[in-house]
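Protein chains in written order, with my numbering: chain V, 74 to 289; chain W, 74 to 289. Cβ atoms here follow ideal geometry from the backbone N, Cα and C, with glycine treated the same way. One structure is given below, encoded as structure tokens.
Number of protein chains: 2
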Amino acid sequence: MGRIAGSSGARTAASIRRAGLRLIYRRGFEAMSLRELAAEVGIQAASLYNHIRTKQDLLFDLIREHMERLLAHTDLALAAAPAGAEDRLRAFVASHVTYHLERKHEVFVANFELRALDPRHFAAIVALRRAYEEKLVAVLDLGVARGEFRIGDTRITAYAILAMLTGACTWYKPEGRLTKQEVVALHTGLVMHGCLGLAPTEGRSGTGLAALSRDS
Amino acid sequence: MGRIAGSSGARTAASIRRAGLRLIYRRGFEAMSLRELAAEVGIQAASLYNHIRTKQDLLFDLIREHMERLLAHTDLALAAAPAGAEDRLRAFVASHVTYHLERKHEVFVANFELRALDPRHFAAIVALRRAYEEKLVAVLDLGVARGEFRIGDTRITAYAILAMLTGACTWYKPEGRLTKQEVVALHTGLVMHGCLGLAPTEGRSGTGLAALSRDS
DNA sequence: GGGTTAAACTAACGGTTGGTAGTTGGTAAG
DNA sequence: CTTACCAACTACCAACCGTTAGTTTAACCC
């Protein structure tokens, strides 16, 4: 048999990427075999090589593409936000959560299959991640510089915020109890109050509201 | 060759678990081969089967053991805490972060290799995870009932908090810039202020402190 | 419509995988 | 001091892995 009637390179390539993402998400990169992927697409395993260079390259491309889209999305959101730190943090949180809730598979793969990348590819992705984290750190630094935020260490706080926000897409289901907007609002509330609050105290404090007013 | 001079079943079994945990953490469960594991332990692959039933069972045992230890650790911390919601939340956060920073490998495996479990084992672990989450939800519910916490949805908030706290052990390094105590303090601050603050508002607010005082 | 290219196929490669069978010698209880 | 058991070994499956080679046919371009 040769080429199949109606087949199109671009369509097959897209199908491979879509199926690959889903399979890696569900079974893990190492656990997914190329025969399995090919079956999902509806072609033979060897035919995959008309569209990908290696299995490793497929993973790398998927992750890199996701990271670049994420960076672009964030730049857009931040560019549209006012100059104030609180507004920018709000914009970042909303952008991050919204984007992540809509890209569950990509997020999972990009976060938890990094170790399957070879050193070269790994370094490239880590650089992109770093660039992304830096955007949040910059917002937090701005807030600290302007006296709007009370936080201990902006980098660690950024990591904590990102972990919290990203975590949402491990349990979020579109048909679930909460709407996307509610999830965004809830996380925005947690982050804003976490950052606007007091610096962590080592001692005991009274009631929450008392502790808050102590600083205002 | 038969049994090797000085070999002991208990010691080998422990060595297998230790090496297995490290290898699964570093390379992933599917990527780790039993020959690789055996080499790390210093025996032949087939000899592993004197100590484990299957590869799958090794993973399950490692995760289950971790979850049970985590539950016990938390129970202890909560039992020692006062009855107030804020104190109990503080105790939970400190317990969780401390324990997790010390068990980086276990945490990673227990969180990200769940999909490698077959349905039976998967269900068992999910039940344990649920039980753990429930402990935090209970603390949050208590705080809401006593009017100490201002949060939207206790279950989602619990997920968000857990994601944030657990995230710490993906970047924490014992020899790093911050001490364990500082990491605990920082996360405690974020969580406490996040929970003691306002319920999330949909509109825009002024400065952070103004927003806080609006509700107090 | 002839020639080129794209995209599928079949067949197979060397290597690895988790797991089993059967054997052997050290360990320890009686 | 015997004997039963434990924990290692060697040897070997059948299945599967990612990948390559070579072939065939549909689609596209001039």
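Look at H173/W here: in three-state DSSP terms it is helix.
Contact between A231/W and H260/W is absent: CB atoms are separated by about 15 angstroms, not below the 8 angstroms threshold. Annotation: the continuous alpha helix (DSSP H) that includes L259/W extends over K253 to L269. In terms of Cα proximity to L201/V, the closest of E221/V, A83/V, E141/V and L132/V is E141/V. Under a 10 Å Cβ-count criterion, L94/W is classified as buried, with 16 or more other Cβ atoms of the shown protein chains found around its own Cβ. For L190/W, the secondary structure class from DSSP, reduced to helix, strand or coil, is coil. A Cβ of chain W is located within less than 8 angstroms of the beta carbon of I229/V. Secondary structure note for Q117/W: it is in no alpha helix (DSSP H), with a DSSP letter that is neither H nor E.
The alpha carbon of A87/V has as its nearest neighbour, out of Q117/V, R100/V, L131/V and A119/V, the alpha carbon of L131/V. Selection L251/W, L143/W, A104/W and L209/W evaluated against F165/W yields L209/W as nearest (Cα-Cα). At a cut-off of 8 angstroms between beta carbons, G240/V contacts chain W. DSSP, read as helix, strand or coil, puts E207/V in helix. Under the Cβ distance rule, R90/W does not count among the residues neighbouring chain V, no pair being separated by less than 8 angstroms. Beta-carbon to beta-carbon, L135/V and R90/V are separated by about 6 angstroms, close enough to satisfy the 8 angstroms threshold. R161/V and L144/V have their C-alpha atoms roughly 15 angstroms apart.
With fewer than 16 other Cβ atoms from the protein chains shown falling within 10 Å of its own Cβ, A83/V counts as exposed.
A direct Cα-Cα distance of roughly 9 angstroms separates F185/W from G101/W. Under the 8 angstroms Cβ criterion, the segment 170-188 of chain V does not count as touching the segment 104-115 of chain V, having fewer than three qualifying pairs.
Judged by DSSP secondary structure, K128/V falls within the alpha helix (DSSP H) whose first and last residues are K128 to A153. In the structure shown, G225/W adopts coil according to DSSP, grouped into three states.
Contact between V170/V and L269/V does not hold, since the beta-carbon distance rounds to 18 angstroms and is not under 8 angstroms. Around the beta-carbon of R223/W, 16 or more other beta-carbon atoms lie within 10 Å, marking it buried. Selection A236/V, L213/V and I116/V evaluated against T227/V yields L213/V as nearest (Cα-Cα). Using a Cβ-Cβ cut-off of 8 angstroms, D130/W does not count as an interface residue toward chain V, since no Cβ of chain V sits closer than that to its own.
Relative to Y205/W, the option among Y245/W, K128/W, H194/W and A236/W whose CA is nearest is A236/W. Between A153/W and L263/V, the C-beta gap is not smaller than 8 angstroms, which leaves the two residues out of contact. Chain W places no beta carbon closer than 8 angstroms to that of D214/V, leaving this residue out of the contacts. CA-to-CA, the gap between W244/W and F181/W works out to about 12 angstroms. Across the structure, D148/V and L149/W are spaced so that their CA atoms are roughly 46 angstroms apart. The C-beta of G93/W comes no closer than 8 angstroms to any C-beta of chain V. About 32 angstroms separates the CB atoms of E221/V and E179/V; that is not less than 8 angstroms, and the two are not in contact. Here L121/V is near L107/V, since their CB atoms are less than 8 angstroms apart. For A196/V, the number of other beta carbons within 10 angstroms of its own is below 16, and it is reported as exposed.
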